[in-house]
Amino acid sequence: MTEKREVVFIGAGPAGLGPLVYANGAGLLQDFLKRSIVVVERSMTVGSGTFGDYLINTNSKADLFLECLKGEKAAHFPKALRSDAFRTLSLQNNSPASMSTVAELLRSIGEDISDALVASEMSSLMLKTNATGVVAKSDGTFDVLTSSESGFSKVQTRKLVLATGGSPLRMPHLHKEVISRCHKTGRGNLLMLHSGDLLSAGGYKLVAERLKQQAGSRILVVGGGDSAFSAAWLLLQSEDLALGEQSVILAHRSPTKVTFESTEEAINCGYSDFTPEDICPDTGTVFRIGGLRFDAKELYLNILNGSEPRVLLRRLFLGDPEALSRDDLRGVEVVIFATGYFPNEITFSDENARPIPLLGSFTGKFVDGKARMLKANGEVLEGVYSIGLCSGYSPREGGYGGERSFTGLANSVMLCQGGVGQTIFEQLQHG
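Residue numbers (the UniProt record's numbering): 1 to 431.
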């Protein structure tokens, strides 16, 4: 069965709904839905994605998650405004919020968008449906192949927005060397997890059970970004684990970057590992985009000033056995890899079943500054956009400022519902 739609959204998490959230707040959604839109989502939940799975706090101010509900935009989100999460986040203001509270708000926002889709005569929402592939046709249209409990189907469209999220990134060479070093200390039966697994209830329980079985054991966290420090923070918060001095080894390959409102604040906190290239020229913020914030930042600074003796900070250089020595690793029972995520890619092919290579498959950069999908040769794949985790979007390239040294990728909920969501929506509407 083939149906025709003007726009297909694949993924209804915070990123996938971002352009629609922007449109709703701007009072443009109702007219947009008259143009035959379909949102394809593999789960039964709309709006929150995996936010509710995590036991940690956000690395953004609570107030930022309310941006899409402020001023005249509020009238378009009745369920979100009535939610307990909205009231809680309103009180927290400049403090970080629990991921579970943010997830509740995002679900309420998702319900408002879902209601609009269901009420529309021309648009629809397809839940528990997987997008399995995309065929680019010579006439400029795309066939989106889907599967669900009712079978296989095809949706033809001219415009496509991908927000398929990511999965834990495995780095075989790094993993192999770290595991080998741990084994040399005599520990063979290591419990190994990705940080995303630890930060959920199930993964944390596994770690707690292992440490209870092996009293005095230590934990190695590999990584130097938010995920690594958040993992260490979560472990240290638990009274059940009763972690002692240097029970957690945090091994990072690159210098740790920390966000400060100014260079003066950084220096006063004893942090000087930055250059003029690391300072945002617009705001004066040190590592405005790429730095640790809130709980992760507090933990790192406590390690630096000696007030957190339970964590041993070590640089990890592959091939250098002295960088993370046998003594450093003695007693390690659990290894947490905080090595990031890779995209849940959907295969693109042409009408002759020949694959269409995407730039991001080789570089991690799937999109340009307008969130347009890029082919492996750097050309834009017209009509296709990508947003959210692992899309490869660069805030600096999109004109959102930040430190000149930033070469990474970022796409926060606020960007998805704000600037990036607006950029995509306007191209869908007028392109």
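Just so it is clear, CB atoms sit at the ideal spot from N, CA and C, and this is done for glycine as well.
Item: Note down, in chain order, each residue of its chain lying with its Cβ closer than 7 Å to the Cβ of Thr157, except the 5 sequence neighbours on either side.; Value: Arg5, Glu6, Val7, Val8, Thr141, Phe142, Val144
Item: For the alpha helix (DSSP H) containing Ala251, name the first residue and the last one.; Value: Segment 248-252 is the beta strand (DSSP E) holding Ala251; no alpha helix (DSSP H) there.
Item: I'd like the span of the beta strand (DSSP E) that includes Phe255, first residue to last.; Value: Correcting the residue type first, residue 255 is Pro in the shown sequence and not Phe. Here Pro255 belongs to no beta strand (DSSP E), and DSSP marks it neither H nor E.
Item: Can you tell me where the beta strand (DSSP E) with Leu191 in it begins and where it stops?; Value: 191-194
Item: Whole alpha helix (DSSP H) runs in the segment 286-336 with 4 or more residues, listed along the chain?; Value: 294-305, 326-329
Item: Could you check which residue in Leu64, Ser195, Gly216, Leu415 has the C-alpha nearest to that of Gly340?; Value: Ser195
Item: According to the Cβ coordinates, are Ala251 and Val222 closer than 8 Å?; Value: yes
Item: Mind reading off the beta-carbon distance from Ile10 to Leu162? Whole number of angstroms is fine, and I expect it under 8 Å.; Value: 5 Å
Item: Helix, strand or coil: how does DSSP classify Ala75 here?; Value: helix
Item: Return helix, strand or coil for Val367, following the three-state DSSP convention.; Value: strand
Item: For Gln92, which residues in the same chain have their Cβ closer than 7 Å to its Cβ, ignoring the five residues on either side in sequence?; Value: Ala62
Item: Please state the DSSP three-state secondary structure of Ala136.; Value: strand
Item: Would a C-beta distance cut-off of 8 Å place Thr283 and Lys154 closer than the cut-off?; Value: no
Item: What residue does the alpha helix (DSSP H) around Val420 start on, and which one ends it?; Value: 419-430
Item: In chain order, what are the residue ranges of uninterrupted beta strand (DSSP E) at least 3 long that sit wholly in the segment 142-194?; Value: 142-148, 151-157, 159-162, 166-168, 191-194
Item: Could you give the C-beta distance for Phe80 and Ile109, rounded to a whole number, given that I count them as a contact under 8 Å?; Value: Looking at the sequence itself, residue 80 is Ala, so the reference to Phe does not match. Right, their Cβ atoms sit about 5 Å apart.
Item: Residues in the same chain with beta-carbon distance under 7 Å from Lys184, minus the five sequence neighbours each way, listed in chain order, please.; Value: Arg326
Item: By the DSSP assignment, the beta strand (DSSP E) with Ser98 in it spans what residues?; Value: 96-98
Item: Am I right that Ser120 and Leu174 are in contact with their C-beta atoms under 8 Å? What's the rounded C-beta distance?; Value: Not confirmed; about 48 Å, so no contact.
Item: Per DSSP, which residues does Met373 bridge with? Please list them.; Value: Val367
Item: With three or more C-beta pairs closer than 8 Å as the rule, is the segment 361-369 touching the segment 379-389?; Value: yes
Item: For the beta strand (DSSP E) containing Glu382, name the first residue and the last one.; Value: 380-386
Item: In the DSSP assignment, what are the bridge partners of Lys61?; Value: Pro96
Item: If you count every other CB in all the chains shown that lies within 10 Å of the CB of Met44, and 16 or more means buried, which is it?; Value: exposed
Item: Determine the closest residue to Arg210 out of Glu149, Ser100, Gly165, Val334, with distance taken between C-alpha atoms.; Value: Val334
Item: So, does the segment 277-294 touch the segment 237-254, judging by three or more C-beta pairs under 8 Å?; Value: no
Item: Taking Lys4 as part of the beta strand (DSSP E), name the residues at either end of that continuous run.; Value: 2-4
Item: Taking the alpha carbon of Gly52 as the point to measure from, which residue in Ala26, Lys257, Asn59, Ala103 has its own alpha carbon closest?; Value: Ala103
Item: Between Arg107 and the rest of its own chain, which residues show a CB-CB distance below 6 Å, the 5 nearest in sequence each way excluded?; Value: Gly47, Ser48
Item: Let me check one thing: in DSSP terms, what residues is Phe32 bridge-paired to?; Value: Paired residues: none, contrary to the question.
Item: Tell me whether Pro395 is buried or exposed, calling it buried when 16 or more other Cβ atoms sit within 10 Å of its Cβ.; Value: buried
Item: For the alpha helix (DSSP H) holding Ile267, just list the boundary residues, first then last.; Value: 263-268
Item: Using 8 Å for Cβ pairs, my map puts Asn344 next to Thr164. What's the rounded Cβ distance?; Value: 4 Å
Item: Give me the residue from Leu160, Gly402, Phe342 with the minimum Cα distance to Pro168.; Value: Phe342
Item: How big is the Cα-Cα spacing for Leu20 and Ala338?; Value: 32 Å
Item: Buried or exposed, going by whether 16 or more other CB atoms sit within 10 Å of the CB of Gln417?; Value: buried
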